[in-house]
Structure formats: structure tokens, C-alpha cells
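Worksheet: the structure to be examined is printed underneath.
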Amino acid sequence: MTAASSLCHSGALEPSRDAASMSSLRKRKLDDMLAATALTGPAVALLLTLFIFPALAVVVIALTDWQFGAKSLRFVGLANFSAVFADPGFRASLGNTLAYVAMVVPGTVLAGLGTALLIESGKSFRAFYRAAHFLPFMATLAATAIAWEALLHPTVGLVNMAFAALGLPTANWLRDETTVLPVLALIGIWQNLGFAMVLFLAGLKNIPQDLYDAADVDGADQWLDRLRTVTLPMLGPVAMFVVIVVALRAFEAFDTVQILTQGGPGHASELLLYTLYRESFEFLRAGYGAAITVVFLVIAVTLTLIQVRLMDSRVHYQ
Amino acid sequence: MIGLAHRRTRPAAIARHALLLVTGGLVLLPFVWMTSLSLKPPSEIFQASFSLLPGHWYAAENYHKALTVAPLPRYLANGVLVCAAILVLQILICAPCAYALAKLEFKGRDALFGLVLFGLLLPHQILALPVFILGYSLGLLNTYAALVFPFVVSPFGIFLFRQFFRSIPDDIVHAARLDGLSELAIVWRIMLPMAMPAVIAFSIFSVVAHWNDLFWPLIAVKSPDLMPPALGVAVFRSGETSTEYGPLMAGAVLVILPLMLAFVVAQRWFIEGLTSASLK
Chain A
0 MTAASSLCHS
10 GALEPSRDAA
20 SMSSLRKRKL
30 DDMLAATALT
40 GPAVALLLTL
50 FIFPALAVVV
60 IALTDWQFGA
70 KSLRFVGLAN
80 FSAVFADPGF
90 RASLGNTLAY
100 VAMVVPGTVL
110 AGLGTALLIE
120 SGKSFRAFYR
130 AAHFLPFMAT
140 LAATAIAWEA
150 LLHPTVGLVN
160 MAFAALGLPT
170 ANWLRDETTV
180 LPVLALIGIW
190 QNLGFAMVLF
200 LAGLKNIPQD
210 LYDAADVDGA
220 DQWLDRLRTV
230 TLPMLGPVAM
240 FVVIVVALRA
250 FEAFDTVQIL
260 TQGGPGHASE
270 LLLYTLYRES
280 FEFLRAGYGA
290 AITVVFLVIA
300 VTLTLIQVRL
310 MDSRVHYQ
Chain B
0 MIGLAHRRTR
10 PAAIARHALL
20 LVTGGLVLLP
30 FVWMTSLSLK
40 PPSEIFQASF
50 SLLPGHWYAA
60 ENYHKALTVA
70 PLPRYLANGV
80 LVCAAILVLQ
90 ILICAPCAYA
100 LAKLEFKGRD
110 ALFGLVLFGL
120 LLPHQILALP
130 VFILGYSLGL
140 LNTYAALVFP
150 FVVSPFGIFL
160 FRQFFRSIPD
170 DIVHAARLDG
180 LSELAIVWRI
190 MLPMAMPAVI
200 AFSIFSVVAH
210 WNDLFWPLIA
220 VKSPDLMPPA
230 LGVAVFRSGE
240 TSTEYGPLMA
250 GAVLVILPLM
260 LAFVVAQRWF
270 IEGLTSASLK
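These protein sequence lines are chains A and B, in that order. Read in numbering that gives the first Met the number 0, the first sequence has 130 at position 131, and its numbers run on one by one without any break. Read in numbering that gives the first Met the number 0, the second sequence has 244 at position 245, and its numbers run on one by one without any break.
Below you can see the structure in the form of C-alpha cells.
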């Protein structure tokens, strides 16, 4: 909307403003311009310094041989990327990350959907159940990871004690390369399921009552029938959205690796963001770290763009 | 609204509670277990038992140790300071920009909004390397400023406030101008008070994110005096006392407790604030 059309618009509502002369209109525009510069100036400067230039810088650094503290740099093309992808450590990290995401996403979505359906299927204690399942999502993961470590302790941990009492196999869960990644994924599911649940609860609230009434008339009056014919199909778009949002969070997993496993044993639990951190800030390999960052950026931006598309299509749908 | 809940029978209602109590219990187990261990003496912790309550209460010793051996009060104070500084600066910087985007006509407005949307696309972790270099060249690393400066502008904050400001009628802005209020005064005295729900949601989102953040503090500070809670408890765990589960669990409980208490009081606001970021 242009300034002129907005003036016409407000003029229609308030006839007294029809008297506004051209010079006062021009003054208003100039005032707006000055005010806008003053109001947006700090934000613009900081957005450029802290978001836009760094994003560009990371791509540039990835294409050079620059090291921390070096005075000069040389463009090396895609050399950093070929080094990254030739590195078995990085390949393991990428593979682990994909496996981790492939476990966390379905686990979180199903657990979140299941809890949301259970909570919504009755009226009592809704707020209580919702709060209980949501708690891990907002609790400090660095601290809850320590609680998980105690639970998973090989000798005095509750998990092994309970498994032994039930006659189930026990393990040194975080030190065994066959169990460590699934266990981290389980903690990821535990942390995020409340988040998925809340998104599903919002989706359930948006299903029009008419559809349930219609299903009733059509004879779908059992809970399972209503679930199958109305609820689940109507939740489709929400579910797609939850998949993407949870996938984004799963790709960003870091705290549990840093605190519980440091990527070990071997590379068995090394995830992308942890590799990025190690290479960039512990080994100070700037170009290499930047190349990993670009890989991470491509994944994150792709998922976010899919998310935006889903949001848009949902808006059109309604 | 009846919805899916229609035609419940008594056995179905009992099954619902039974299932939710089991899943809820499993979800809360780490919290329960860490609290339980924080009350027990070392002998009972390493005795491996299922009992939740200690035979011999050791809470005072464990919590005292957590508060004195590790500088836990310092970590918590750092968390309050850093979260408050970030939030205040974010609102100071984002609200005027959001107001201009929502209510003023100016050249480059669409370009600026495009910039904000582009910022929304970028996860903070990918900015860590160049922002670290920036902090290094400005001499900010290992100071409180290092923990704050990357977050002082929030694309999400601008986006959220803009959405809310747009829903406030233009006539209110015109009336405020006729009363002689400056544009900045309109932001602080008219727009922000009217956008309180957005301000609260954003505040919760911001405080929870930075109280819990481990990634950036790990990069930005080395001195224990500066560490916020998440990094502090991680360092406590890897330190000399890491074999002493009692004090460690007490420390972890204390780090989680402030947000948890706030969550219990304002559950609805927390859920709204923490999910709003993905519904942008």
C-alpha cells in the first residue's frame, strides 16, 4: 500500500482529513522517512553485522585457506569441501546425524501424536498431563542430560537395575557403540515429544466440530472410527509441519553429545553440530569448520523453506 | 467442544488416565531420579536401590556442596544477568524497528522486511564462527558482552512484534500523534503495552533459550566467573567432583528449578511462548 492510498483510506473514514494539503502530505512522508531511519537504524546495522555479513563470511571462509589469526588468505575453491567429504570422521558424523534424525523424528511425532490424542480424548486433568509431558522441552538439557547419565549408569543406574530385575539384557548404554546413538535418540525424543504434542493439540482444536457431527450421522460414532475418518486425515498438514520442525531440532542436537559422549566411543555418537564445534573451536580449523557450517546451513535452510511452504499452504487452505 | 472426546465410557476414561500416568511418569522419571539422588548420601547412591527417598537424609550436605564447591550461585546470577541483558536489548532494538515496519511508509521497507525474513532462516549455530571472529577482533571474548552481543537483535522478535503491531488500529497511532507523542514515545507508551501478549511470549522464548544455551557460551567464555547455568553445570560435571553424584544432582536441580517454578505458575504462557517461534 502506498502513502497516497493509505491517506485516501483514512480520509474516507475521517472526512476532516480531506482538507490535508499537499505540503502537509509531503511533510508527513518526510517525517515518516526520518522516523523510520531513526527507528530501524540500530536493528538494520545489527542485522547486517550479526546475521547477514556472518552468513556471507562463512561461505567465503569455506572457500579459502584462512586460519585463525592469519593475515592473508587464498581462495582454494571447493578444496575444503572435498577435504570434508573425504574425511571418514565427517562422513561418520553425517551418517550418524541422518540416523539420529531418522530415529528422533518418527519417535517424537508418534509419541507426541499419541499423547495429544490421549489428552484430548477426555476432559479431566488436561492441563496437568500437558504440563508433565511438556516439561523436558523447556528444562535445561545440559542439566537433564546429567540426570540421564545417572539413570544409564552401568552399575548403579536405575535402567540397568530395572532391566536386571525384569530379566532383560543390561548394557553400558553410553559406552557401547551399538547402543549409544539409539540412546541419544531416545533422549532426543524424550526432550521433544512435548513440543510435538502441543502442536498436535493446537491442530486438534482446529478441526471443525461439524466434521465430527457429520461422521456421527454417517455412523462413525466409535472413538476409533472418528479417529480414522476425521481426526487423522485432518491432522495431515499439522503432522507434516511437525515432522519438519522436529527434524530441524534433531539436526541441531548438540548438548547431549557434548555432555554425555563427546562423540564416542570412536565416532559412534558424533553428530554434525558437535563436529562443527570441534573443528571450528577446538582444532581451530577455520576453513574446514566453515565448510561443515555450510553443509549444516544448506540442510537447515532447506528444511526451513519447506516449513514456510507448509505454513503458506495451510493459510490458503483455511 | 466435544470433538474426539465424544461418547466416553468409564473403562475408556480409566484407560486414558492409566496410559497418561504411565507415559507422564516415564517422562518425569529423570526429574524424579535426579531429585532423589540429590537427597541421598554417597553410600546409598552406590548401593543401587529402587527407593526414591533416602534412608539417611543427606540433602543439606549435597546442596551445600553444590553451592560452595562449584560456584553455582555465581552461575545462576550470571544466567539472570545475561538473560536480562539480552532480553532488554532485544526489545529496545526490535520494537522500534517492528513499529516502523508495521505502521510507517518508507522507502526500503520491503527490503528491510526481506532482511528480517532472511535472518529468520539462519540458525544461530551457523553464525558462530564469524561471530566468534568478530568478538575476537573487538576484544569481547571471555566477557559478559561476549555472551550477549550476538543476540541483541532478534529477527524473530521483529517479526513477532510487527505481526502484533499491525493488528493495532492506525487511528490509535494518529490520535497519539495529534496528542504530540513522538514516534518513539508511541512505541513505548502505546504499542508495547497493547502488545503485551507478544511481549510476554517473546520474553519467555528468549529467556528459556538463553538460560538453556550451552553451544554459544562454550565458545564465548572460558572463565568460570562468567559462565551461565547450562555451561556451569556441564563444567561442574566434568570437574574433579564429577564422581560425587549427590552434589552434582543437587546442582542440576538448582539449574532447572527457576524455569520450572515459573513454568508451573504460568504454564499457558510458556507453551505459547515456546511454540510461537516455530509457528512464525
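Even for Gly, the Cβ is constructed at its ideal location relative to N, Cα and C. Owing to the predicted nature of the structure, the values given are computational and were not obtained by experimental measurement.
Going by DSSP, Thr114(A) is part of the alpha helix (DSSP H) stretching over Pro87 to Glu119. When C-alpha distances from Met33(B) are compared across Leu256(B), Ser275(B) and Ala249(B), the shortest belongs to Ala249(B). Sixteen is the threshold: when 16 or more other Cβ atoms of the shown chains lie within 10 Å of the Cβ of Pro135(A), as they do, the residue is buried.
Distance from the CA of Gly265(A) to the CA of Phe282(A), rounded to the nearest whole angstrom, comes to 17 Å.
Shown here for Arg90(A): same chain residues with a beta carbon closer than 8 Å to its own, the five before and five after excluded, namely Phe84 in chain order. Just measuring C-alpha positions, the residue of Ile157(B), Leu137(B), Gly54(B) and Leu86(B) sitting nearest Gly113(B) is Ile157(B). Residue contact check for Tyr276(A) against chain B: a CB pair falls below 9 Å.
A residue is called buried when at least 16 other Cβ atoms come within 10 angstroms of its Cβ; Glu176(A) does not meet this threshold and is exposed. Here Glu243(B) is not near Lys102(B), since their CB atoms are 9 Å or more apart.
Bridge pairing for Phe74(A): Thr63(A) [DSSP]. Taking 9 Å as the threshold, the shortest C-beta distance from Arg15(B) to chain A falls below it.
Counting only residues of its own chain and dropping the five nearest sequence neighbours on each side, Phe201(B) has a CB closer than 6 Å to the CB of Gly156 and Leu159. Contacts with chain B at 9 Å (Cβ-Cβ) do not include Gln66(A).
Distances from the CA of Phe164(B) to each of Leu230(B), His209(B), Tyr143(B) and Leu191(B) were compared; the closest alpha carbon is that of Leu191(B). Contact annotation: in the stretch 131-144 of chain A, residues whose CB is within less than 9 Å of a CB in chain B are Ala131, His132, Phe133, Leu134, Pro135, Phe136, Met137, Ala138, Thr139, Leu140, Ala141, Ala142, Thr143 and Ala144.
For Cys96(B), the C-beta contacts it makes with chain A under 8 Å involve Leu38, Thr39, Pro41, Ala42 and Val43, in order along the chain.
Sixteen is the threshold: since fewer than 16 other Cβ atoms of the shown chains lie within 10 Å of the Cβ of Asn205(A), the residue is exposed.
By the neighbour-count criterion, in which 16 or more other beta carbons inside 10 Å mark a residue as buried, Gly288(A) falls on the buried side. Close to Phe280(A), with beta-carbon spacing below 9 Å, are these residues of chain B in chain order: Ala127, Leu128, Phe131, Leu217 and Ile218. Between the C-alpha atoms of Ala11(B) and Val254(B) there is a straight-line separation of about 39 Å. Its chain contains Ile118 as the residues whose beta carbon lies nearer than 6 Å to that of Arg125(A), once the 5 sequence neighbours on both sides are disregarded; these appear in chain order.
Taking 9 Å as the threshold, the shortest C-beta distance from Lys64(B) to chain A does not fall below it. Looking only at Ala252(A), Gln261(A) and Val197(A), the smallest Cα-Cα distance to Gly111(A) is reached by Val197(A).
In this structure, the beta-carbon distance from Ala214(A) to Val229(A) falls below 9 Å. Using a Cβ-Cβ distance cut-off of 8 Å, the stretch 114-133 of chain B and the stretch 202-215 of chain B are in contact, since at least three pairs of beta carbons, one from each stretch, lie closer than that value. Not flagged as an interface residue toward chain B: Arg174(A), since no C-beta distance is shorter than 9 Å. Only residues of its own chain outside the window of five on either side were considered, and among them Leu272 have a CB closer than 7 Å to the CB of Glu251(A), listed in chain order. The Cβ-Cβ distance between Phe269(B) and Ile203(B) falls below 9 Å.
Excluding sequence positions up to five before and after Gly202(A), its CB lies within less than 7 Å of the CB of Leu234 and Val237, all in the same chain and listed in chain order. C-alpha of Asn61(B) to C-alpha of Lys39(B): approximately 8 Å in a straight line. Of all alpha-carbon atoms in Leu256(B), Ser275(B) and Val206(B), the one lying nearest the alpha-carbon of Ala84(B) is that of Val206(B). The continuous alpha helix (DSSP H) containing Asn191(A) extends over residues Val179 to Lys204. Taking a C-beta cut-off of 9 Å against chain B, the contacting residues of the stretch 158-171 of chain A are Asn159, Met160, Ala161 and Ala164, listed in chain order.
For Ala37(A), the closest C-alpha among the options Pro216(B), Gly179(B), Val31(B) and Cys93(B) is that of Cys93(B). By the beta-carbon neighbour count (other beta carbons within 10 angstroms, threshold 16), Met226(B) is buried.
Annotation: Cβ neighbours of Val197(A) in chain B (cutoff 7 Å, chain order): Ile270 and Thr274.
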